[in-house]
Amino acid sequence: MIATHPAHLRALAGALCLAATTATATALAAPARADQYDFVAMLDNEGVYYSSITDVIDQGKMACRMLRSGAGMPTTLDYVAGGGYAPYETAVVVASAAMNMCPDVLPTVRAFLGGGSTADA
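Going letter by letter, the sequence shown gives residues -29 to -1, 1 to 92 in mature numbering (1 follows the signal peptide of the UniProt record, and there is no 0).
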């Protein structure tokens, strides 16, 4: 399980810090909007490799869907990691999806990082 390994938690925390910083800078520079183009731009800026833009967008959308349905962060991270991403890339995909496509799940992500109760049941 990717999400319980300390290195993976550090990668996710780093990616989320990056996402928060990037989102703040973007919010100051442009009109508010959250979409798949910003999601992909963040992946590109962080060097996340993907072979298909359609597939990576689908992974981000699925991460949002899973978090919204209560699947939990560990399951969501494992799902994204199943796409062949390295731990840091996995964290960036989930963080970018949360920041750019489903900001309503950010409290779930933050609670997980803070030791909250968002683990799988």
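Even glycine gets a Cβ: it sits at the ideal position worked out from N, Cα and C. No experiment lies behind these values; they were computed from the predicted model shown.
Discussion item. Relative to the C-alpha of L84, which candidate in M72, N71, L48 has its C-alpha closest?
Written reply: When the alpha-carbon of L84 is set against those of M72, N71, L48, the nearest one is in L48.
Worksheet item: Between the C-alpha atoms of N71 and D9, what's the straight-line distance to the nearest angstrom?
Response: Rounded to whole angstroms, N71 to D9 spans 6 Å at the Cα level.
Worksheet entry | Inter-residue CB distance, A69 and V63 (contact presumed, cutoff 8 Å) | Actually they are not in contact, since the Cβ atoms of A69 and V63 sit about 11 Å apart, beyond 8 Å.
Worksheet item: Just to confirm, are A66 and V51 a CB contact at a threshold of 7 Å?
Response: Cβ atoms of A66 and V51: not closer than 7 Å.
Worksheet item: If you draw a straight line from the alpha carbon of R39 to that of P74, how long is it in whole angstroms?
Response: Between R39 and P74, the C-alpha separation is close to 10 Å.
Practice prompt. Look at the Cβ atom of V27, then the Cβ atom of Y20, and state whether they are nearer than 7 Å.
Written response: With contacts defined by Cβ atoms closer than 7 Å, V27 and Y20 do not form a contacting pair.
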